[in-house]
Every structure is written in C-alpha cells, then in structure tokens.
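S.K.:
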Amino acid sequence: MRQTQLFTKTSRHAPKDEESKNAKLLIQAGFVHKEMAGVYSFLPLGLRVLNKIIGIIREEMNAIGGEEVLLSSLQDPAVWKKSGRWDDKVINVWFKTKLLSQGELGLANTHEEPLTNLMREHIASYRDLPRYVYQFQTKFRNELRAKSGIMRTREFIMKDLYSFSRTEEEFRAFYEQCAKAYMKIFTRAGIGERTYRTFASGGSFSKFSDEFQTTCQAGEDTIYIDKKKNIAINKEVYTEEVLSELGITKSGLSEERAIEVGNIFPLGTKFSSLLGLTFKTAEGIAKPVIMGSYGIGPARLMGTVVEVLADEKGMVWPVSVAPFRVHLIGLPGVEVEAEKLYKELSRYAEVLYDDRAEVRAGEKFADADLIGIPYRVVVSKKTLEQKSVEVKARKNGHIELIPIAELQNFLARPL
Ligand code: ATP
Ligand code: MG
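Each residue of the sequence shown is one higher than the one before, counting from 10 in the numbering used here.
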C-alpha cells in the first residue's frame, strides 16, 4: 500500500486527553480514533492489526473444533429474565434500549443466555454433543472506568466460545485443550513469555476459573507468580487456604501488575438448567448439558501488545500482527528505483511504501518508528551504488546493508 493512499495522518504529538500509553500511541499514529471516553473506532492501520489478531484466534479456535457463528447484538429480555440476569443489580454493566412499539431490548454484554436458548433447537441426544461454538461479536458494557485506552472500552469485539459437553470429563478435556490454544494465541501475538495462566475465582460451579494475565505496569489486576512452578494466582483468590491447596508458599511469589487478556470459565449446568438445554443419554435419561465459556478481547490483546512492546520512539509490532511487514522509504533522487522495489517487494510481502513527495526523510523515519512496522527498508543513491538497501529491524534497531538480490530471504527470517 502507498502511504499517499492512507487517509490517516500521524500527529506530531500524543493526544493530551489520554492517560494510557496504548491510546496515546495508537491515536498519534492514526491507528484508532477516539469517539468519546471508552469508545474507539478502528482506522485502516489499526483495523489491519485487529484483523490479524482475529485471524490468529480464529485459526486456533478452528483447530480445536470451534464452529463460528455470529449472534445478534440486540437481545431479547425474555431469556435473560429466565436466568435472572436481566436485573441491573445482577449484571451491572447492562446497556438497555427501548423499542418504539413498546418493550425493552438488551445490548449484548455476553451471550450465554441467547446461545443456550438457541442450542435447544439443535441438541437433543448425546449424539449431538459435544459442540464448541464461537464468534467475534460486538459487546456493549457500561464500564465504570475507561482509562486503559482500547483495553477497556464500552463497545468492543469479543471472541466468545461456549462449550457444550455431556460429562464433566469431556468438559475438562476441552477446557484444558482451550487453555493450550490460548497460550498458543498469546505466543503467536508476541506476548507469550509474560502471559500466565492464572487461578481466579470460579463462580458457583467450580472453585476456580482461569485468566490469562500478561504482566505489565499498566495492568488493572494484581497477580502473584511462582516463576519456578509457573503458577500464578489472582489477588482475588490469594488466601492461605488457596496457597496451601496449590502447594505454594508466599515466600516464592512475586507480586505483579497484569492485564487480563483472556478468561476461561466452567459454567457447569447453570445456564442449561435454567434455560432447559438437556440431552438424552444412551440410556434415554434427560440430563442438562455441561457448559463452559471462553473469552478473549482482540482489541485488549492489541492494546497489550502496544503496552508491553512499545519503546520511547513508538510502537513495535511483532510480524504476526503488524499492519505490514515492511515499511519502504525512498530517499530523494531514487524515485524510479524505489517504485520498482515497491512492486517487487509487494510480490512476497505486505509493504507500506512511504511515497509522500513533500515529506522530509527525517519525518519519514520518525513516522516509521512511531508506526512500528517490523522492517524499515531505505533505498538511497548510496545503497544503490552497492546494489543494496538499508534494513532496520524496529525491534532492536539493528541496521544492515542487504543486497537487493538477498532481500527476500532476509525479510523472511524470523525476527
Ligand atoms: P475484566 O475483568 O477485565 O472486566 P471480564 O472478566 O469481565 O473482564 P470477560 O467477560 O471474561 O471479561 O470477557 C472476556 C475477555 O474480553 C476478557 O478477558 C478481555 O480480554 C475482554 N474484555 C472484557 N471486557 C472488556 C472491555 N471492556 N474492553 C475490551 N475488552 C474487554
Ligand atoms: Mg475478569
């Protein structure tokens, strides 16, 4: 893509009304636009990142047997009244709206009720199970705080998967498989090393749920980590009783701030019992389906990548989620050659070509650092004298002169 085709512009300064690093950088670089507190729109560069994250999650969910759907954002109060969760005291983040013709609707904040209700039409026998259903779907939550940029917003896309199993063992096996898939997702997105599967409170059906917490100063949560045993515990369940149950002692734990990038939750038969989702066993006995829910916020994940990898010059995207792999910059006097290289590179890589004629080289370099594309490739008269280009890795700042003939191989190496 040519940079002159991008309608977005970078700003010289970070916005003053943002507290979080991710919002400051993403707005300054033109990835997102702030509509109001806690509400952001995604612009071309930001949408490319978001879609790459969604692509990674989708691959991993399909790999464990997920079937993708898209449920509606407008929700019928009737199913929520059945579960007792229509009440604002039970779910305190509801956005609700009124119908002109009378009556109220809910704006989706999660989907246990509508999906459980829907599955009643498709699940009757043990032969219809297990099922794993997921979506990337817009949630609305009337969050009290909105100070973490795109990591906590009042409207956001969530990947939510729901599992429907026959037995506790079948449920547990999938739960563990999904936990592994989550670690793969966070590793592929570049934050695996600092992301911990973390014991958190479990609700009414099991003692614990599991959060995936990425250590980061900007996190809203506090966790305790035993790095030797690779066990982490959320502060909310950090008690003597839990510690002894997990066989760890306070002395081995380090306290850290962390961002909850994902959450998996045993639901037992809570929703299936309340909404009547049952199946017949081989013996003909009706039983409630055993459920679990599994969430990830792609935008929160994107904000987390910015928070943990950015440096003082700007964002630093891992190749896997970067808006482009290569940022090509031609210095004055080599326009024809830069144009030729752009076409050549585009055959095997995603390239953003800074073809802005009026912009000084220094400004282009600063923008490249701010935008954070993994490889910056500069062509100049000097590099061309050696049939080469200058390649800078954004991650570590290493600069190398690479012969054009070897560029494809060089850019294909893992960073
Ligand atoms: P939190 O504890 O941070 O409020 P939650 O426990 O309510 O989140 P879930 O309902 O389990 O979150 O949602 C699943 C995932 O969706 C979370 O792990 C997070 O990645 C993402 N998420 C939740 N709330 C938001 C939000 N307001 N903005 C962006 N992403 C969110
Ligand atoms: Mg939570």
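We treat Cβ as the ideally placed atom computed from N, Cα and C, and that holds for glycine.
#1: Going by beta-carbon coordinates alone, are residue 239 and residue 220 separated by less than 9 angstroms?
#2: Just to confirm my understanding: we take residue 404, look at its own chain, exclude 5 residues before and 5 after, and list those with CB closer than 7 angstroms. What are they?
#3: Suppose only complete runs of 3+ residues qualify. What are the beta strand (DSSP E) ranges in the region 57-117, listed by chain order?
#4: Along the chain, where does the beta strand (DSSP E) containing residue 207 start, and where does it finish?
#5: Between the region 314-330 and the region 199-215, are three or more C-beta pairs nearer than 8 angstroms?
#6: Just checking, does the region 148-168 make contact with the region 19-30 on the three C-beta pairs under 8 angstroms criterion?
#7: Give the secondary structure of residue 190 by DSSP, where H, G and I count as helix, E and B as strand, and everything else as coil.
#8: Can you list, in chain order, the residues of its chain with a C-beta nearer than 7 angstroms to that of residue 79? Leave out the 5 residues immediately preceding and following it.
#9: Three or more C-beta pairs closer than 8 angstroms, one from the region 105-116 and one from the region 128-135: is that the case here?
#10: Where are the beta strand (DSSP E) runs, 3 residues long or more, that stay fully inside the region 125-149, in chain order?
#11: Got a sec: is the Cβ-Cβ distance from residue 397 to anything in chain D below 9 angstroms?
#12: Where does residue 27 sit, in a helix, a strand or coil, going by DSSP?
#13: Considering just the uninterrupted stretch of the alpha helix (DSSP H) at residue 311, what are its terminal residues?
#14: Please identify the residue among 91, 101, 231 and 121 whose C-alpha is closest to the C-alpha of residue 152.
#15: Taking C-alpha atoms, which residue in 257, 90, 335 and 319 lies nearest to residue 421?
#16: Leaving aside the five residues before and after residue 286 along the sequence, list all residues of the same chain whose C-beta is less than 6 angstroms from its C-beta, in chain order.
#17: Can residue 214 be considered in contact with the ligand ATP, in the sense that its beta carbon sits closer than 8 angstroms to one or more heavy atoms?
#18: Going by C-alpha to C-alpha distance, which of 379, 408, 181 and 395 sits closest to residue 21?
#19: Give every residue of the same chain whose Cβ lies closer than 6 angstroms to the Cβ of residue 8, excluding the five residues on either side of it in the sequence, and list them in chain order.
#20: Mind checking whether the beta-carbon of residue 151 lies closer than 8 angstroms to any heavy atom of the ligand MG?
#21: Of the choices 261, 247 and 357, whose alpha-carbon is the least far from that of residue 208?
#22: Counting Cβ pairs, one atom from each stretch, are 3 or more of them under 8 angstroms apart for the region 184-195 and the region 213-232?
#23: Does the separation of the CB atoms of residue 279 and residue 213 fall below 9 angstroms?
#24: For residue 276, count neighbouring Cβ atoms within 10 angstroms of its own Cβ and tell me buried if that reaches 16, exposed if not.
#25: Can you tell me the Cα-Cα spacing of residue 40 and residue 17, whole angstroms?
#26: Could you have a look at residue 345 and say whether DSSP puts it in helix, strand or coil?
#27: By the 10 Å Cβ neighbour count, where 16 or more other Cβ atoms means buried, how is residue 323 classified, buried or exposed?
#28: What do you reckon, is the C-beta of residue 121 under 8 angstroms from a heavy atom of the ligand MG?
M.R.: So, to answer that:
#1: Indexing the sequence shown from 1 puts residue 239 at position 230. Indexing the sequence shown from 1 puts residue 220 at position 211. No, the pair does not count as a contact, with Cβ atoms beyond the cut-off.
#2: Here residue 404 refers to the residue found at position 395 when the sequence shown is read from its first residue. Hits under 7 angstroms: 325, 383 and 424.
#3: 104-107 and 113-116, all fully within the region 57-117.
#4: If you number the sequence shown from 1, residue 207 lands on position 198. Judged by DSSP secondary structure, residue 207 falls within the beta strand (DSSP E) whose first and last residues are 204-210.
#5: Verdict: yes, contact present.
#6: Touching, per the Cβ criterion.
#7: Here residue 190 refers to the residue found at position 181 of the sequence shown. Secondary structure at residue 190: helix, using DSSP grouped into helix, strand and coil.
#8: Reading the sequence shown from its first residue, position 70 is the one you call residue 79. For residue 79, where only same-chain residues beyond five positions count, the Cβ hits under 7 angstroms are 144 and 146.
#9: No: the two stretches stay apart, fewer than three of their Cβ pairs being nearer than 8 angstroms.
#10: Listed in chain order, the complete beta strand (DSSP E) runs (minimum 3 residues) inside the region 125-149 are 140-149.
#11: Of the protein chains in this structure there is only one, and it is not chain D.
#12: Numbered from its first residue, the sequence shown carries residue 27 at position 18. If DSSP states are grouped into helix, strand and coil, residue 27 belongs with coil.
#13: Sequence index remark: in the sequence shown, residue 311 carries index 302 (1-based). Here the alpha helix (DSSP H) through residue 311 covers 307-318.
#14: For the purposes of this step, residue 152 is taken as the residue at position 143 of the sequence shown. Nearest to residue 152 by alpha-carbon distance, out of 91, 101, 231 and 121, is 101.
#15: The count along the sequence shown starts at 1 and reaches residue 421 at position 412. Ranked by Cα distance from residue 421, the options 257, 90, 335 and 319 are led by 335.
#16: For the purposes of this step, residue 286 is taken as the residue at position 277 of the sequence shown. For residue 286, where only same-chain residues beyond five positions count, the Cβ hits under 6 angstroms are 125, 128, 129 and 298.
#17: If you number the sequence shown from 1, residue 214 lands on position 205. Incorrect: residue 214 has no Cβ contact closer than 8 angstroms to the ligand ATP.
#18: Reading the sequence shown from its first residue, position 12 is the one you call residue 21. Comparing Cα positions, the closest option is 379.
#19: The question about residue 8 has no answer here: the residues shown for the chain are numbered 10 through 424.
#20: Position 142 of the sequence shown holds residue 151. No, the ligand MG has no heavy atom inside 8 angstroms of this Cβ.
#21: In the sequence shown, counting from the first residue as 1, residue 208 sits at position 199. Per the Cα distances, 247.
#22: Yes: the two stretches touch, three or more of their Cβ pairs being nearer than 8 angstroms.
#23: If you number the sequence shown from 1, residue 279 lands on position 270. If you number the sequence shown from 1, residue 213 lands on position 204. One thing to note: residue 279 has its Cβ within 9 angstroms of the Cβ of residue 213.
#24: Counting from one through the sequence shown, the residue named residue 276 turns up at place 267. Counting Cβ neighbours within 10 Å, residue 276 comes out buried, since at least 16 surround it.
#25: For the purposes of this step, residue 40 is identified with residue 31 of the sequence shown, where counting begins at 1. For the purposes of this step, residue 17 is identified with residue 8 of the sequence shown, where counting begins at 1. Near 8 angstroms, if we compare the C-alpha coordinates of residue 17 and residue 40.
#26: Here the question's residue 345 lines up with position 336 in the sequence shown. Residue 345: helix per DSSP, three-state reduction.
#27: Your numbering for residue 323 matches position 314 in the sequence shown. Buried.
#28: Residue numbering aside, residue 121 sits at position 112 when the sequence shown is read from its first letter. No, the ligand MG has no heavy atom inside 8 angstroms of this Cβ.
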